[in-house]
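So the protein lines, in turn, are chains A and B. Here the first sequence stands for residues 1 to 117, where the numbers follow my numbering. Here the second sequence stands for residues 1 to 113, where the numbers follow my numbering. Yeah, the Cβ is synthetic: ideal placement off N, Cα and C, and Gly gets one too. Computed from a predicted model, the values in this text were never measured in an experiment. Read the structure below first, then the notes.
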Amino acid sequence: DARVTQTPRHKVTEMGQEVTMRCQPILGHNTVFWYRQTMMQGLELLAYFRNRAPLDDSGMPKDRFSAEMPDATLATLKIQPSEPRDSAVYFCASGLGDRLFSGNTIYFGEGSWLTVV
Amino acid sequence: SQQGEEDPQALSIQEGENATMNCSYKTSINNLQWYRQNSGRGLVHLILIRSNEREKHSGRLRVTLDTSKKSSSLLITASRAADTASYFCATPAATSGTYKYIFGTGTRLKVLA
């Protein structure tokens, strides 16, 4: 089955360290989303890309977060420096952008569980 | 801010009972989707309903959409312990040219065996 692959699945790091999360979208999908999930805020959209171009990263703290798509098979989310409040589950999801707005499924990875101590 | 708000936040029922969850949204949409999340896992798509549809079924799931009230409901009939999960509604952002989905706050369903 085609699936979105995220690494690492779990990460514990010390405050101030750099964290990089990686995502391999489903082959052929041209839209990639990064979501953050916490108990307090629920699912927040951090950034998303279409055809590797960033369309909207307004939900992302710009001072420490950055998101890129070096190629069509890899999306990265980087936090530098990390802080305890960044502890959350980070989900990557992908879909077919041309059909998303009219109603098409987006597929989620299993998430990267980040703990910053 | 959240586009969708689910209600109730948490629901606990006995196996065999029906579970109903509601979602309210703020702006006009052309479709609404429901997703399920098992503990510790990613979200999985359940069902999509378009704005010109009022009701849709998929197995034990029934989804309704009332665009005049900007609300949707998800009904799970004859619930099973395996239905224990969080359920989210998702709507496309009402910004032309963009394709993002905004998720609601979720309903945590617990089905007791």
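Buried/exposed call for residue i, threshold 16 Cβ in 10 Å
{"i": "A:Gln6", "result": "buried"}
{"i": "B:Val63", "result": "buried"}
{"i": "B:Ser51", "result": "exposed"}
{"i": "A:Glu14", "result": "exposed"}
{"i": "B:Glu55", "result": "exposed"}
{"i": "A:Met21", "result": "buried"}
{"i": "A:Arg50", "result": "buried"}
{"i": "A:Gln80", "result": "exposed"}
{"i": "B:Asp83", "result": "buried"}
{"i": "A:Ala130", "result": "Since the first and last residues shown for chain A are 1 and 117, residue 130 of chain A lies out of range."}
{"i": "B:Val111", "result": "buried"}
{"i": "A:Glu37", "result": "In the sequence as presented, Glu is not what sits at residue 37 of chain A; that position holds Gln. Its Cβ being crowded by 16 or more others within 10 Å, A:Gln37 is buried."}
{"i": "A:Ala67", "result": "buried"}
{"i": "A:Ala75", "result": "buried"}
{"i": "A:Glu18", "result": "exposed"}
{"i": "B:Gly104", "result": "buried"}
Sheet register partners of residue i (DSSP bridge)
{"i": "A:Met40", "result": "A:Met40 pairs with nothing; no bridge assigned."}
{"i": "A:Tyr71", "result": "Reading the sequence as shown, one finds Asp at residue 71 of chain A and not Tyr. A:Leu74."}
{"i": "B:Arg62", "result": "B:His57 and B:Leu75"}
{"i": "A:Arg79", "result": "The amino acid occupying residue 79 of chain A in the given sequence is Ile; Arg does not appear at that position. Answer is A:Val19 and A:Phe65, bridged to A:Ile79."}
{"i": "A:Met60", "result": "According to DSSP, A:Met60 bridges with nothing at all."}
{"i": "A:Leu127", "result": "With chain A covering only 1 through 117, there is no way to say anything about residue 127 of chain A."}
{"i": "B:Arg50", "result": "B:Asn31"}
{"i": "A:Thr118", "result": "With chain A running from 1 to 117 in the structure shown, residue 118 of chain A is simply not present."}
Member of the options whose CA lies at the smallest distance from the CA of residue i
{"i": "A:Gly42", "options": "A:Asn104, A:Arg9, A:Tyr90 and A:Tyr107", "result": "A:Tyr90"}
{"i": "B:Asn30", "options": "B:Thr105, B:Leu112 and B:Lys100", "result": "B:Lys100"}
{"i": "A:Met40", "options": "A:Leu96, A:Gly109, A:Asp86 and A:Phe108", "result": "A:Asp86"}
{"i": "A:Ala47", "options": "A:Ser82, A:Lys78 and A:Glu110", "result": "A:Lys78"}
{"i": "B:Arg36", "options": "B:Ile102, B:Gln9 and B:Phe88", "result": "B:Phe88"}
{"i": "A:Glu44", "options": "A:Ser66, A:Gln17, A:Ala88 and A:Ala75", "result": "A:Ala88"}
{"i": "B:Leu74", "options": "B:Ile49, B:Ser39 and B:Gly40", "result": "B:Ile49"}
{"i": "A:Ser82", "options": "A:Arg9, A:Phe65, A:Asn104 and A:His29", "result": "A:Phe65"}
{"i": "B:Ala93", "options": "B:Leu32, B:Pro8, B:Met21 and B:Gln9", "result": "B:Leu32"}
CB contact below 9 Å: residue i versus chain B
{"i": "A:Ala93", "result": "yes"}
{"i": "A:Phe65", "result": "no"}
{"i": "A:Asp56", "result": "yes"}
{"i": "A:Ile136", "result": "With chain A represented from 1 up to 117, any question about residue 136 of chain A goes unanswered, as that position is not in the structure."}
{"i": "A:Leu43", "result": "yes"}
{"i": "A:Val12", "result": "no"}
{"i": "A:Glu110", "result": "yes"}
{"i": "A:Val19", "result": "no"}
Residue-level contact to chain A via CB, residue i, 9 Å cutoff
{"i": "B:Arg41", "result": "yes"}
{"i": "B:Tyr101", "result": "yes"}
{"i": "B:His45", "result": "yes"}
{"i": "B:Gln14", "result": "no"}
{"i": "B:Tyr35", "result": "yes"}
{"i": "B:Leu74", "result": "no"}
{"i": "B:Gly59", "result": "no"}
{"i": "B:Leu65", "result": "no"}
{"i": "B:Leu112", "result": "no"}
{"i": "B:Thr105", "result": "yes"}
{"i": "B:Leu11", "result": "no"}
{"i": "B:Gln2", "result": "Unreliable placement is indicated for B:Gln2, whose pLDDT of 42 sits below 50; no coordinate value is reported for it."}
{"i": "B:Leu48", "result": "yes"}
Residue i CB to nearest heavy atom of the ligand ZN below 8 Å
{"i": "B:Gly104", "result": "With respect to the ligand ZN, the structure shown offers nothing to examine, as it has no ligands at all."}
Short CB-CB distance (under 9 Å) between residue i and chain E
{"i": "A:Val116", "result": "You won't find chain E in this structure, because its protein chains are A and B."}
Pairing CB atoms from the segment 61-79 of chain B with CB atoms from the segment 12-31 of chain B, are three or more of them under 8 Å?
Touching, yes.
Does the structure place the segment 107-116 of chain A close enough to the segment 50-58 of chain A that three or more beta carbon pairs sit under 8 Å?
No, they do not touch.
Between the segment 57-71 of chain A and the segment 22-38 of chain B, do at least 3 Cβ pairs fall closer than 8 Å?
Segments in contact, no.
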